[in-house]
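Protein sequence lines correspond, in order, to chains A and B. Using numbering that gives the first Met the number 0, read the first sequence as starting at 0 and increasing by one per residue. Using numbering that gives the first Met the number 0, read the second sequence as starting at 0 and increasing by one per residue. To start, the structure under review is shown below, and the notes come after it.
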Amino acid sequence: MKENIKRVLAVCLLLITLSSCSNRSSAVSSSKEEKFQTVMPMPDMNKSLEINVDSDTKIFLVGTKIPILVENKSPHFLFFDLADNYITLFTTNGDEWIEIQNGLTYSGSRVLSPQGTPLLNQDYTWARPAFQDNTFKADKTNMLLRIVMTGEIMEDDVRTGSFVGAYVDVYISP
Amino acid sequence: MEDDGYAGTQGPLDCKKYSQYCDDDGKPLSSEELLKMQKRKDPKKTEPPKPWEWSHNFNIGFHIGGASGGSMPEYYGETENSANVPYFPGGNQNPNVCVGRAGALGCFISLMTSIIPAQYGPANTDDNFFVSFNVHYNEATGVNVSDMYWSNHYGGAAVFPQLTIGDKVVPVMQGYMPTDGQYRPVSGSGGWYNGNERIEIEMPILTLVNTPNGTGGVWNNLPIAVPSLSEVKNLFP
């Protein structure tokens, strides 16, 4: 009888853990968010630029490509240098943000038209975090992955040196 | 006369000077022994086996939309058509078609496009896109994908910004994709891959559609997977 109760409790605990994992899209604590602003200091974050994952889920198996939809919400053209700080990936360890290597290589550049330009203000890209082999050995729970994209504001076809950014949080499952 | 291989005009061989033509006891080798030695020195050169190779140019059409029952890839090749491609609507549904060389090309196409979902566009889109490329398989060097280009036969506004090929994200074109013509990736879409695994190519295309809420953009991701070297070698041994 005691064994059965233990099993039921274990299953309940597992379900609670899983449900908390799947609803962690806003689970990043305010202290972590503050630290993130020191890692990626960008006042315009998630304003001029918006990114989303092109998927019904925000949980991805380790090693899979994560499809990303990009939209320029600003009145400016935005320039993206795909070979330089185009997409940056972070995970957390305690309160610290740790950069993760991207398993994909990018080349060339992109320009997104201002908001209101049909089709040309959108883009589609991918990210694939290259976690080290032992990342999930100690901890089998899903890992937070913050996908950050950075673009540069253009004025009259000239890059201004002012940057905008956006991020989306997903979870990587072992 | 003693056969020292040089008998006749030169006199006995000086084994101190030419020890390589003498035996361990310091006696000159006979003609027969010299010939044997020569044969040992010049073994017949055997050609190394040539690595298995196979190449083909593909031209694959994608019809987006369900209205005309075209939500499947169609293959427009020189000798094969969708009727020979197993597992596709209208194609040969007998899996045995993959056994033997006769259906090999169709099986290759089937492998390549097997990851395409059954439906990947809303019913009110009717776009047609083609992708063309060469694949070259070489057992020694891997798989090479080259000369890749796309064309838009739809006629409407479409955007084809970038694609993935293996681990590379490659820009294709900036701006709207005009009808017809050939649109090639800016750079880096070709190259050699080890061929141990399938090479996934994803081609997201953004099209304009009319919805009850107005005109909007819809992304259609057209994936193909170039089969691995071992898969193709099984088809074309």
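Think of the CB as a built atom: it goes at the ideal place given N, C-alpha and C, for glycine as much as any other residue.
- Not a single unbroken stretch of the alpha helix (DSSP H) spanning 4 or more residues falls wholly within the stretch 36–61 of chain A.
- Arg39/B sits in a helix when the DSSP states are folded into three classes.
- When Cβ-Cβ separations below 8 Å define contact, Ser106/A makes contact with chain B.
- Around the C-beta of Ile171/A, 16 or more other C-beta atoms lie within 10 Å, and the residue is accordingly described as buried.
- Interface annotation for the stretch 106–133 of chain A against chain B: Ser106, Gly107, Ser108, Arg109, Val110, Pro117, Leu118, Leu119, Gln121, Asp122, Tyr123, Thr124, Trp125 and Arg127, criterion Cβ-Cβ distance under 8 Å.
- Contact of Val144/B with chain A is not assigned, every C-beta pair being separated by 8 Å or more.
- DSSP places Leu162/B inside the beta strand (DSSP E), whose first and last residues are Gln161 to Ile164.
- Per DSSP, Val231/B lies in no beta strand (DSSP E) segment; the continuous alpha helix (DSSP H) that holds it begins and ends at Leu228 to Leu234.
- Residue state for Met142/A is assigned as strand, using DSSP reduced to three classes.
- With its beta carbon at least 8 Å from every one in chain B, Asp55/A lies outside the interface.
- Nearest CB-CB separation between Gly102/A and chain B: below the 8 Å threshold.
- Contact note: Leu205/B reaches chain A through Leu118, Gln121 and Tyr123, using a C-beta cutoff of 8 Å and chain order.
- Within chain B, no C-beta atom comes less than 7 Å from the C-beta of Lys72/A; the nearest is roughly 14 Å away.
- Within chain A, Pro117 have C-beta atoms less than 8 Å from the C-beta of Thr214/B, given in sequence order.
- In its chain, beyond the 5 residues on either side, Leu81 and Ala82 have a beta carbon closer than 7 Å to the beta carbon of Ser106/A.
- In the structure shown, Tyr192/B adopts extended strand secondary structure according to DSSP, grouped into three states.
- Contact between Ala139/B and Pro117/A is absent: CB atoms are separated by about 49 Å, not below the 8 Å threshold.
- Its chain contains Asn71, Lys72, Ser73, Pro74 and Asn120 as the residues whose beta carbon lies nearer than 7 Å to that of Gln114/A, once the 5 sequence neighbours on both sides are disregarded; these appear in chain order.
- Here Tyr85/A carries a coil assignment [DSSP, helix/strand/coil].
- Chain B has no Cβ within less than 8 Å of the Cβ of Leu48/A.
- Residue state for Ser28/A is assigned as coil, using DSSP reduced to three classes.
- Under the three-state reduction of DSSP output, Tyr17/B falls in the coil class, being neither helix nor strand.
- Chain-order list of chain A residues neighbouring Pro160/B: Arg109, Asp122 and Tyr123, by C-beta distance under 7 Å.
- Measuring C-alpha to C-alpha distances from Pro66/A to each of Thr91/A, Phe35/A, Leu103/A and Trp96/A identifies Leu103/A as the nearest.
- Just measuring C-alpha positions, the residue of Leu111/A, Ile58/A, Leu143/A and Val163/A sitting nearest Ile97/A is Leu143/A.
- Of all residues in the stretch 70–97 of chain A, only Leu81 place a beta-carbon less than 8 Å from a beta-carbon of chain B.
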